[in-house]
Structures are given as structure tokens and as C-alpha cells.
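Working notes for the structure below.
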Amino acid sequence: MKRDGSVRYGMAVDTRSCVGCSACVLACKSENDVPDGHARRWVNQIVSGTFPELKMSIWSDSCQHCDDAPCVSNCPTGSSHVDSASGTVQVDRSRCTGCKACMVSCPYNARFVHPDGFVDKCTLCLHRLEQGRSTACAEVCPASAIVVGDLNDPASRVSRMLRLRKWRQQKTAAGTNPKFFLVD
Ligand code: SF4
Numbered sequence: 109m110k111r112d113g114s115v116r117y118g119m120a121v122d123t124r125s126c127v128g129c130s131a132c133v134l135a136c137k138s139e140n141d142v143p144d145g146h147a148r149r150w151v152n153q154i155v156s157g158t159f160p161e162l163k164m165s166i167w168s169d170s171c172q173h174c175d176d177a178p179c180v181s182n183c184p185t186g187s188s189h190v191d192s193a194s195g196t197v198q199v200d201r202s203r204c205t206g207c208k209a210c211m212v213s214c215p216y217n218a219r220f221v222h223p224d225g226f227v228d229k230c231t232l233c234l235h236r237l238e239q240g241r242s243t244a245c246a247e248v249c250p251a252s253a254i255v256v257g258d259l260n261d262p263a264s265r266v267s268r269m270l271r272l273r274k275w276r277q278q279k280t281a282a283g284t285n286p287k288f289f290l291v292d
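Residues 109 to 292, numbered by this note's numbering, are exactly what the sequence shown covers, in order.
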């Protein structure tokens, strides 16, 4: 991963490919040692329409790594911050007091209090990105529905996907500018 500040990582989830198997959820828990009863990612299953014309939307979800993250601006200690090398939103455990200001301000309910007292959430597997690998959730997805990459690189798979396909972001009214895209 380049460290000159030019990289801006994001995630796209192909809602036409995601089958809701939750392999991503389990891989994330295993990779990141997420404690029992908590999760850094989850799978949404939303049914819409009127019987018998019903439609189910399924997608894997997590922290949106917002460009204008209220969890960062509302953190009183600077624990929640934007990692300048990757553009991802991270939590510095050593500075977190567990006050939950970030949890209250996150429109995506993406955070939880770790039993050890700090607030935790998806890191976009920054430790893997730094090694040139993808996230655990993307790697394990049997449908290749999760795509992670540099949004600033027009040649990255995620950038090409967003150029070629129709996409949307969640809860845009919150003004957070998420780097998480649902590709329909
Ligand atoms: Fe912060 Fe929530 Fe946005 Fe993640 S989704 S960056 S926790 S406001």
C-alpha cells in the first residue's frame, strides 16, 4: 500500500451476487478476534413489495468508512480518526475511554463496546491492506460479492465496478459521504 496519502480505500458490495451466507461475518470474526456476542459486519435481508410480487435484497454491511465521519468529529479524545495512508476510519484503542459518543453519532450503528472497554468496529482489515492483501470478508466470499480497493485509482476493480454499474450509498441524508457502495 502506498503511504503518500494518495490512497482512499472503499468497499462495494454486489447485491445481485450476495446470497446472505454470512461467510464474510464469520471470516471477519475469526480474522479480527471479534468477541462472542458482537460483530464488525452483518448481513441485511430486506423484503419489499406486496405478495405475491415480493423482492428480497441481501447485502453484507459494516462501517462505511465515511469521508465526513461523525464518529471522528464527535470523538472527544481523538481515538476515532482517519488513517491518512488509507483513508479508512480507525479507532486508537489506547486513547478510547469507551464514552460511546461515536456510537451515538454513527448513523449506521456500526460500532460496539468491546468487553475490554474500548469501542470497536470494522477496520477494513487495514493490517491486511498494508500487506497488499484484501479484507478477510472479500477473500472468503464465495460469490465474490465484496470488492475492496483504492477509489482514487481508476484502474482498481472497485473503481471500474462503480464506473460500469449502477450503485447507491446508504443513508446519504446523514451527509457522511460513505466509502461503501451497494452495486445493484
Ligand atoms: Fe464512523 Fe459510522 Fe461512518 Fe463508520 S459508518 S465511519 S463508524 S460514522
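In this text, a Cβ means the ideal position worked out from N, Cα and C, and glycines have one as well.
- Unbroken stretches of the alpha helix (DSSP H), 4 residues or longer, contained in the segment 202 to 276: Runs of the alpha helix (DSSP H) inside the segment 202 to 276: 209 to 213, 234 to 237, 244 to 248 and 265 to 272.
- Drop a sphere of 10 angstroms on the beta-carbon of Ile254, count the other beta-carbons inside from all chains shown, and report buried for 16 or more, exposed for fewer. Walking along the sequence shown from the start, residue 254 turns up at place 146. Residue environment analysis places Ile254 among the buried positions, since at least 16 neighbouring C-beta atoms fall within 10 angstroms of its C-beta.
- Message: With a threshold of 7 Å (Cβ to nearest heavy atom), would Lys208 be considered close to the ligand SF4?
- Response: Here residue 208 refers to the residue found at position 100 of the sequence shown. False, no ligand heavy atom lies under 7 Å from that Cβ.
- Comparing alpha-carbon positions, which option in Gly118, Ala120 and Asp228 lies nearest Arg203? Position 95 of the sequence shown, counted from the start, is the residue given in the question as residue 203. Of the candidates Gly118, Ala120 and Asp228, the one whose C-alpha sits nearest the C-alpha of Arg203 is Asp228.
- Between Val293 and Pro160, what straight-line distance do the alpha-carbon atoms span, to the nearest angstrom? Here the chain comprises residues numbered 109 to 292, so residue 293 is not present and cannot be evaluated.
- Message: Can you tell me whether Asn152 is helix, strand or coil according to DSSP?
- Response: Against the sequence shown, residue 152 aligns to sequence position 44. Strand.
- Query: For the ligand SF4, any of its heavy atoms closer than 7 Å to the Cβ of His173?
  - Reply: In the sequence shown, the residue the question calls residue 173 occupies position 65. Yes, since a heavy atom of the ligand SF4 falls inside the 7 Å radius drawn around the Cβ of His173.
- Task: Kindly identify the DSSP beta-bridge partner or partners of Ala120.
- Result: Counting from one through the sequence shown, the residue named residue 120 turns up at place 12. Within the DSSP bridge table, the entry for Ala120 names Val255 and Phe289 as partners.
- Task: Find the nearest neighbour of Cys207 within the set Phe220, Tyr216 and Pro215, judged by alpha-carbon distance.
- Result: Within the sequence shown, the letter at position 99 stands for residue 207. Selected option, being the one with the closest Cα: Phe220.
- Query: Touching or not, the segment 168 to 177 and the segment 209 to 220, by the rule of three or more beta carbon pairs under 8 Å?
  - Reply: At 8 Å Cβ cutoff, the stretches touch.
- Should Gly113 and Ser188 be called a contact, given that it needs their Cβ atoms to be closer than 8 Å? In the sequence shown, residue 113 corresponds to position 5, counting from 1. In the sequence shown, residue 188 corresponds to position 80, counting from 1. No, they are not a contact pair.
- Message: Less than 7 Å between C-beta atoms, sequence neighbours within five positions excluded: which residues of the same chain meet that for Arg265?
- Response: For the purposes of this step, residue 265 is taken as the residue at position 157 of the sequence shown. Scanning its chain for C-beta atoms nearer than 7 Å, with the 5 sequence neighbours on each side dropped, one finds around Arg265 the residues Val255 and Gly257, in chain order.
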